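*Asks:*
There are 2 protein chains.
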Amino acid sequence: MHIRSAGSLSAVQLKMPSSAWLWAVSVVALTGHLFCAAAYERTERNCSLTPPYLPSTAVNTSVQLQELRAQMLPLNVSAYIIPGTDAHLSEYIAPRDARMAFMTGFTGSAGTAVVTQTKAALWTDSRYWVQAERQLDCNWELQKDVSIISVAEWLISEVPAGGNIGFDPFLFSLKTQENYAMSLESSNRILKSIPVNLVDQVWKDRPQIPADGLTRLPDRVLQRTWQDKVEQIRSLMTTNPYQPTALLLSALDETAWLFNLRGNDIPYNPFFYSYTLLTLDEIWLFVHTNRVTEELKAYLSASCTGSLCVQLKSYDSVRENLMTYVAQSDVKVWIGTEYTNYALYELITPQEKLITSSYSPVLTTKAVKDETEERILREAHVRDAVAVIQLLMWLEKVVPVANVTELRAAEYVNRCRSKQKDNRGPSFETISASGPNAALAHYSPSEETSRRLTVDEMFLVDSGGQYLDGTTDITRTVHWGTPTDMQKEAFTRVLMGNIEISQTVFPSGTSGVRIEMLGRRALWEVGLNYGHGTGHGVGNYFGVHEWPVGFQSNNIPFKAGMFTSIEPGYYKDNDFGIRIEDIAVTVPVHTKFGHNFLTFDTVSLVPYDRKLIDTSLLSAKQMQWLNNYYEMIRRLVGPELDKQGLQEEKDWMLRNTQPFTEAGSSASVCSSSLTLIALVFALHNII
Amino acid sequence: MHIRSAGSLSAVQLKMPSSAWLWAVSVVALTGHLFCAAAYERTERNCSLTPPYLPSTAVNTSVQLQELRAQMLPLNVSAYIIPGTDAHLSEYIAPRDARMAFMTGFTGSAGTAVVTQTKAALWTDSRYWVQAERQLDCNWELQKDVSIISVAEWLISEVPAGGNIGFDPFLFSLKTQENYAMSLESSNRILKSIPVNLVDQVWKDRPQIPADGLTRLPDRVLQRTWQDKVEQIRSLMTTNPYQPTALLLSALDETAWLFNLRGNDIPYNPFFYSYTLLTLDEIWLFVHTNRVTEELKAYLSASCTGSLCVQLKSYDSVRENLMTYVAQSDVKVWIGTEYTNYALYELITPQEKLITSSYSPVLTTKAVKDETEERILREAHVRDAVAVIQLLMWLEKVVPVANVTELRAAEYVNRCRSKQKDNRGPSFETISASGPNAALAHYSPSEETSRRLTVDEMFLVDSGGQYLDGTTDITRTVHWGTPTDMQKEAFTRVLMGNIEISQTVFPSGTSGVRIEMLGRRALWEVGLNYGHGTGHGVGNYFGVHEWPVGFQSNNIPFKAGMFTSIEPGYYKDNDFGIRIEDIAVTVPVHTKFGHNFLTFDTVSLVPYDRKLIDTSLLSAKQMQWLNNYYEMIRRLVGPELDKQGLQEEKDWMLRNTQPFTEAGSSASVCSSSLTLIALVFALHNII
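As structure tokens, then:
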């Protein structure tokens, strides 16, 4: 799935179209009677008019603002900061954590709101400015510089010296708190941690925690029991030179991984609200204990207190329990700074009781799959390929003759996946985008924007599934008519990027950021580029972005057994978008002279659109990679299609995985053709 | 010049051979009478014998230790830390700053010494362990884990709780101080800043500051006067959103650059001891004022106090002057954290008077050359090529027939350079290394190690010159006999790395670390690699490593007009070493679709050893680059050789820059040959 660049860990699809596009629709719909300015006014607020103009999409936030301000008064808080994340610093959040959206009306995935007694401001990045202007009412000013420095400057201008600036420490990462503190440090404004969320106090119909609870993974998808994992992590604790006595797990996938449990508290993410404090001789699991069935209690040995017994504690008691633990002498708590919230961090004092690393040993251990995990994750991709092949085959047939919209295509692929064994729904909202829609960052179709697919436009589909055995994520871009030369060239260069990363050989321990440019190089050569990251980890029935694996600067070095997406792209504004995304696993490779080198083995198994490949641009090595890949698709997906009795799909697959003739710029072709020339000339001379 | 990897900024050549090599020599020299153990004992200390065995190279440090300990007592300091750097955190230091060497006897470039009342320990990295065992006496223990954590752990074990650990804040970077503070924080040991260096108190014959002083650069090598530069930097101060009132310059090249001055306080580096405090309306230059001639005083307008007058202040008064400045209200001092020492940093309080960036605006401005600087730096490389060509031609002639040692080769190239216009000596100690010596990191020959060059060994020469108009740095590896297949393959793959970086196209603003792997990729493919960085900036008569330009993770992004070395290599232990180093400048490049893209233009102009190039490994594009490069050498160096009347050198150059026939794996070759085949077949059919 499409990810943001520059180390960002957040990505949710944009639900609203760009204003430019809406304008075009309006003009068509209104048969030319309105100018663009008029059409434009219809979609975005205009607070400078009297009375202000508000589109129907704007949300009246006066009541919640008034109530929040009333909460702030007795606490003597001049400003209150409302981030867009949850207490686990999750990339995707549950509806009950959408506090920023509740307060502002703005539903974009990234933003920060700040409220004072007289003003309210929202900070969000350029992807969301149009959306914000459509959803905010005139209580809110929109701020476009999303740096914490900018928020701090605004705070300094609005909050008098000596004033308190309140925040919920559960919603701040260490880095966020540190950055605010640093920016406000010299200004005599006090950053005040308030562990009770003020928005929750005024959010009357805040969604409940789902009653249905946790499930354990079946043994057939597991190599390590939770007890094995606990012992593995404890051994990393005892070998840590700083000698931690406890490990605090805050990210939701950490607890889910450790106990081989899953939940469904967050859309598309099989997680459940939880923390874990793992000590060398105890295990404290913080959950909503009413959700833990008797069967699960037995599974977790919840009735004892030994070193392999899980003591269940109330989710909301994590702070007081951690405080009690830290109050003991001779304890040291290890945390991963990237996912621990400030509310827990601030309890671990004095400093000598704290041990930090960017990522907890659970996240770094989880990043390397065991044999079973690698095998079943590969298997999940075989079944997933069937669903995507079904979609592409169907579109090829029906687009030229019937009305298929982006939404219908998305529904179709979701339905295809749902028929595959062990499917647990999509792993994120399908991005199904035709023509100019595909050029929008984080687009996914809505009733309002859904475009009809035609033979005249390129179509991009980025989708994935959750399966009991694995999470998938794949993007294909296709054209059912005649692509332009520019489209073919851009597509081929994106593909070259994908191949160049996939086939590169590198020492074990190389960071993804050091090889990421191979995904861009063929584009750079002709002055093209793309504005997002090049890949993210995936795992076994987890979030579709499984950090810290990937190609971003804060990702950990590659070792054998890590799964990552590889997804270069190219986007031409108001015209088309191309992305090719495959999942690949790092595998050891034999080299002529050295040891401990890796390469990638692609596990996504769906052919690329042949029509869009200009083979004259490919090197012989790239062509060879492509043919090997196609041969692998036949070898792995063929039997699965047979097994599922999908003959038409098999024919389609075989047709689309015909080997390319090696007409590329090959050393071997060259030398053989040179030999041929020599032969022919020799022949000629004889004649 | 060869640089260390992983963001390290320090590199000086190892003066001592590895023990393995010395052992071989001993065995030969002693005609087999001694076993290797005995031979080994002769070169390294053995403190476990009674009495301890000390080689003749070991230095008796008892006196200086006793005197230092006496200095520590009245200050109540239980341990004293002695780093290897100077007050400007320079990469190379003057003899008078070699405090670690004075105290320990160990002369390696990297290390930290710590002294308590009863113990003394030296930390240095693996390059230097053998050297340390040869130079240390038994007062010293050698510690091999060079992390600050390791030093801190040792300190905690040796210093009682509540004890003071002293350090000279002038010799600590902010980061060093922070790391020590963090590691000691929880242990109740106090890190105590002592601004008077205790080693200096006991170093009776400490070298003086050279009496000869500063010189100004001639106008012909300048586009910007120092007044232009001051105004340029002030404009960066006024546009900085944090509104600094002053900029503190600590790195020696910052002051040298700003005033277009040079000195010679540090071997190979045209610097002079200095700091600058540049405010919006004053300029304070801290130097040894007795070294500033009347002419220079006039040049610097040192008799006035206006905004373009340089007020000369004593070098040793920098702390008190900075303190006075900071004591004023409404001042804010901007520092670059990478080169500011803790002694100055600790004065800038409270925090709101401090503004930091990794590098000062002088370093980031200096990194981009103006038109004149770019032109003259290119010109210096033309003359420098003449000297290196003279060396290679001479070696080719004499090595097969005469006794030429590594030392003599180094002297020869230094002499050749000295004859070139505006030469100011070598830019670092020449690395001249034959056979196994070239596989040693940071080797440069001594009388003891200098090997005779033969037709049976590869030879690596890494050398550079200081010229009034520019600093050069180039490495060539040659073979005068018959290289092995492995040597040819490794050389060719190193060359491919050099070419791949050189010809890559990338967006302006791309960090070097993101493209660095192109220098390694051809090696990685066959399981080879190298253990040092891939390049560093160079400039106009400055240090040979001109940071922050280069390919390391802490280097700034590339913009047009930056000069960097590109220097992949390969080293086979006890056998041979290969490095190919060229300087290149980033230049704008026209691309098919985009704008603001860059590529490299190589400015080093010396052909590579043809015998070592396996053209069958090169792609057509690599071959084309090579031929273009050779054509450029002919075009630029040819006329210079003519001008200097060097006909034999010109013939040699022409012979060694013959175009290669494009037998590589070329797309164009392929398509043309395929066309040929088609034609010939057509012809054939007709016949």
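The listed protein sequences correspond, in order, to chains A and B. Residues 1 to 687, numbered by UniProt numbering, are exactly what the first sequence covers, in order. Residues 1 to 687, numbered by UniProt numbering, are exactly what the second sequence covers, in order. Idealized CB from N, CA, C, for every residue including glycine. The structure displayed is predicted, hence computed values, not measured ones.
Alpha carbon to alpha carbon, how far is residue 611 of chain B from residue 479 of chain B?
*Replies:* Start at 1 with the first residue of the second sequence, and residue 611 of chain B comes out as number 611. Start at 1 with the first residue of the second sequence, and residue 479 of chain B comes out as number 479. Rounded to whole angstroms, residue 611 of chain B to residue 479 of chain B spans 7 Å at the Cα level.
*Asks:* Answer yes or no: does any C-beta atom of chain A fall closer than 8 Å to that of residue 688 of chain B?
*Replies:* Chain B is shown from 1 up to 687; residue 688 of chain B falls before or after that span and cannot be answered.
*Asks:* Compare the beta carbon distance of residue 348 of chain B and residue 288 of chain B with 8 Å and say whether it is the shorter of the two.
*Replies:* For the purposes of this step, residue 348 of chain B is taken as residue 348 along the second sequence, with counting starting at 1. For the purposes of this step, residue 288 of chain B is taken as residue 288 along the second sequence, with counting starting at 1. Cβ distance not < 8 Å, so residue 348 of chain B and residue 288 of chain B don't count as in contact.
*Asks:* Residues of chain A with CB under 8 Å from residue 529 of chain B, in chain order?
*Replies:* Indexing the second sequence from 1 puts residue 529 of chain B at position 529. Within 8 Å Cβ-Cβ: 507 and 594.
*Asks:* Kindly indicate which residue of B:118, B:51, B:412 and B:146 has the alpha-carbon position closest to the one of residue 125 of chain B.
*Replies:* Locating residue 125 of chain B in the second sequence gives position 125, where the first residue counts as 1. That would be B:146, whose Cα lies nearest to the Cα of residue 125 of chain B.
*Asks:* Taking 8 Å as the CB-CB cut-off, is residue 525 of chain B touching chain A?
*Replies:* Sequence index remark: in the second sequence, residue 525 of chain B carries index 525 (1-based). Yes, its Cβ sits closer than 8 Å to a Cβ of chain A.
*Asks:* Can you find a C-beta in chain A that's less than 8 Å from the C-beta of residue 521 of chain B?
*Replies:* One-based indexing of the second sequence puts residue 521 of chain B at position 521. With 8 Å as the cut-off, residue 521 of chain B counts as an interface residue toward chain A.
*Asks:* Where residue 615 of chain A and residue 219 of chain A are concerned, what is the direct C-alpha to C-alpha distance, given to the nearest angstrom?
*Replies:* Residue mapping note: residue 615 of chain A aligns to position 615 of the first sequence, counting from 1. Residue mapping note: residue 219 of chain A aligns to position 219 of the first sequence, counting from 1. Approximately 46 Å, taken between the alpha carbons.
*Asks:* Which residue wins for smallest C-alpha separation from residue 517 of chain A, given the options B:505, B:207, B:526 and B:522?
*Replies:* As a working mapping, residue 517 of chain A is identified with position 517 in the first sequence. The shortest Cα separation from residue 517 of chain A among B:505, B:207, B:526 and B:522 belongs to B:505.
*Asks:* Within 8 Å of any Cβ in chain A, is that where the Cβ of residue 597 of chain B sits?
*Replies:* Against the second sequence, residue 597 of chain B aligns to sequence position 597. Cβ-Cβ to chain A under 8 Å: yes for residue 597 of chain B.
*Asks:* Checking contacts by CB at 8 Å: is residue 517 of chain A closer than that to chain B?
*Replies:* One-based indexing of the first sequence puts residue 517 of chain A at position 517. So, interface residue.
*Asks:* For residue 182 of chain A and residue 176 of chain B, what's the separation of their Cα atoms in angstroms?
*Replies:* In the first sequence, the residue the question calls residue 182 of chain A occupies position 182. In the second sequence, the residue the question calls residue 176 of chain B occupies position 176. Approximately 21 Å, taken between the alpha carbons.
*Asks:* Give the interface partners of residue 183 of chain A over in chain B, defined as CB-CB distance under 9 Å, in chain order.
*Replies:* Mapped onto the first sequence, residue 183 of chain A falls at position 183. Those within 9 Å of residue 183 of chain A in chain B number zero; the least Cβ separation is about 10 Å.
*Asks:* Would you kindly work out how many angstroms separate the C-alpha atoms of residue 134 of chain B and residue 103 of chain B, rounded to a whole number?
*Replies:* For the purposes of this step, residue 134 of chain B is identified with residue 134 of the second sequence, where counting begins at 1. For the purposes of this step, residue 103 of chain B is identified with residue 103 of the second sequence, where counting begins at 1. One C-alpha to the other measures close to 15 Å.
*Asks:* Using a Cβ-Cβ cut-off of 8 Å, state whether residue 352 of chain B counts as contacting chain A.
*Replies:* As a first step, residue 352 of chain B must be located in the second sequence, where it is residue number 352. Yes, its Cβ sits closer than 8 Å to a Cβ of chain A.
*Asks:* For residue 277 of chain A, name the three-state secondary structure that DSSP assigns.
*Replies:* Position 277 of the first sequence holds residue 277 of chain A. Three-state result, residue 277 of chain A: strand.
*Asks:* For residue 176 of chain A and chain B, any beta-carbon pair shorter than 8 Å?
*Replies:* By one-based count along the first sequence, residue 176 of chain A stands at place 176. Chain B, which has no Cβ nearer than 8 Å to the Cβ of residue 176 of chain A, makes this no.
*Asks:* One question on the structure: do residue 301 of chain B and residue 310 of chain B come within less than 8 Å of each other, judged by their Cβ atoms?
*Replies:* Counting from one through the second sequence, the residue named residue 301 of chain B turns up at place 301. Counting from one through the second sequence, the residue named residue 310 of chain B turns up at place 310. Their beta carbons are under 8 Å apart, which means residue 301 of chain B touches residue 310 of chain B by this criterion.
*Asks:* What does residue 186 of chain A reach in chain B if we use C-beta pairs closer than 8 Å?
*Replies:* Position 186 of the first sequence, counted from the first residue, corresponds to residue 186 of chain A. In chain order: 350, 351 and 352.
*Asks:* What ranges does the beta strand (DSSP E) occupy inside the UniProt domain "Creatinase N-terminal" (65 to 185) of chain B, keeping only unbroken runs of at least 3 residues that lie completely in it?
*Replies:* 79 to 83, 112 to 116, 120 to 123, 141 to 143 and 164 to 167, all fully within the UniProt domain "Creatinase N-terminal" (65 to 185) of chain B.
*Asks:* Below 8 Å on the Cβ atoms is my contact criterion, and I expect residue 606 of chain B with residue 389 of chain B to pass it. Report the Cβ-Cβ distance as a whole number of Å.
*Replies:* Here residue 606 of chain B corresponds to residue number 606 of the second sequence, with the count starting at 1. Here residue 389 of chain B corresponds to residue number 389 of the second sequence, with the count starting at 1. Contact flag correct, Cβ pair sits at about 6 Å.
*Asks:* In chain order, what residues of the stretch 478 to 507 of chain A put their CB closer than 9 Å to some CB of chain B?
*Replies:* Within the stretch 478 to 507 of chain A, the qualifying residues are 486, 489, 490, 504, 505, 506 and 507.
*Asks:* Looking only at C-alpha atoms, which of B:407, B:655 and B:643 sits nearest to residue 447 of chain B?
*Replies:* Numbered from its first residue, the second sequence carries residue 447 of chain B at position 447. Looking at the Cα atoms, B:407 is the closest of the given residues.
*Asks:* Leaving out five residues before and five after residue 368 of chain A in sequence, what residues of the same chain have Cβ atoms less than 8 Å from its Cβ?
*Replies:* Here residue 368 of chain A is taken as the residue at index 368 of the first sequence, counted from 1. 559, 560, 561 and 562.
*Asks:* Any beta carbon of chain D sitting closer than 8 Å to that of residue 591 of chain B?
*Replies:* Among the chains of the structure shown, chain D does not appear; the protein chains present are A and B.
*Asks:* In whole angstroms, give me the CA-to-CA distance for residue 513 of chain B and residue 498 of chain B.
*Replies:* Residue numbering aside, residue 513 of chain B sits at position 513 when the second sequence is read from its first letter. Residue numbering aside, residue 498 of chain B sits at position 498 when the second sequence is read from its first letter. Going by the C-alpha atoms only, they are around 15 Å apart.
*Asks:* Which residues bound the beta strand (DSSP E) around residue 424 of chain B?
*Replies:* The residue labelled residue 424 of chain B in the question sits at position 424 within the second sequence. Looking at the DSSP string, the run of the beta strand (DSSP E) that includes residue 424 of chain B is 423 to 426.
*Asks:* With distances taken between CB atoms, is the gap from residue 609 of chain A to residue 477 of chain A smaller than 8 Å?
*Replies:* For the purposes of this step, residue 609 of chain A is identified with residue 609 of the first sequence, where counting begins at 1. For the purposes of this step, residue 477 of chain A is identified with residue 477 of the first sequence, where counting begins at 1. Yes, they are a contact pair.
*Asks:* Select from B:528, B:360 and B:78 the residue whose C-alpha is nearest the C-alpha of residue 568 of chain B.
*Replies:* As a working note, residue 568 of chain B is residue 568 in the second sequence. Nearest of B:528, B:360 and B:78 to residue 568 of chain B, Cα basis: B:528.
*Asks:* Going by the DSSP bridge assignment, what does residue 458 of chain A pair with across the sheet?
*Replies:* Mapped onto the first sequence, residue 458 of chain A falls at position 458. DSSP lists A:479 as partners of residue 458 of chain A.
*Asks:* Give me the residue from B:502, B:591 and B:374 with the minimum Cα distance to residue 538 of chain B.
*Replies:* On the second sequence, residue 538 of chain B is found 538 positions in, with the first residue counted as 1. Ranking B:502, B:591 and B:374 by Cα distance to residue 538 of chain B puts B:374 first.
*Asks:* Kindly indicate the opening and closing residues of the alpha helix (DSSP H) around residue 325 of chain B.
*Replies:* Reading the second sequence from its first residue, position 325 is the one you call residue 325 of chain B. It spans 318 to 327 - the alpha helix (DSSP H) in which residue 325 of chain B sits, taken as one unbroken run.
*Asks:* Given that a residue counts as buried once 16 or more other Cβ atoms are within 10 Å of its Cβ, and exposed if not, what is residue 439 of chain B?
*Replies:* In the second sequence, the residue the question calls residue 439 of chain B occupies position 439. Classification of residue 439 of chain B: buried, given that the 10 Å Cβ count is 16 or more.
*Asks:* Taking Cβ positions, are residue 333 of chain B and residue 313 of chain B nearer each other than 8 Å?
*Replies:* In the second sequence, counting from the first residue as 1, residue 333 of chain B sits at position 333. In the second sequence, counting from the first residue as 1, residue 313 of chain B sits at position 313. Not in contact: residue 333 of chain B and residue 313 of chain B (Cβ atoms no closer than 8 Å).
*Asks:* Under the rule that 16 or more other beta-carbon atoms within 10 Å means buried, what is residue 70 of chain B, buried or exposed?
*Replies:* As a first step, residue 70 of chain B is located in the second sequence; it is residue number 70 there, counting from the start. It counts as exposed.
*Asks:* Among the residues of its own chain, which have a CB less than 7 Å from the CB of residue 414 of chain B, if the five just before and after it don't count?
*Replies:* Stepping through the second sequence from its first residue, residue 414 of chain B is reached at position 414. Answer for residue 414 of chain B: 426 and 430, listed in chain order.
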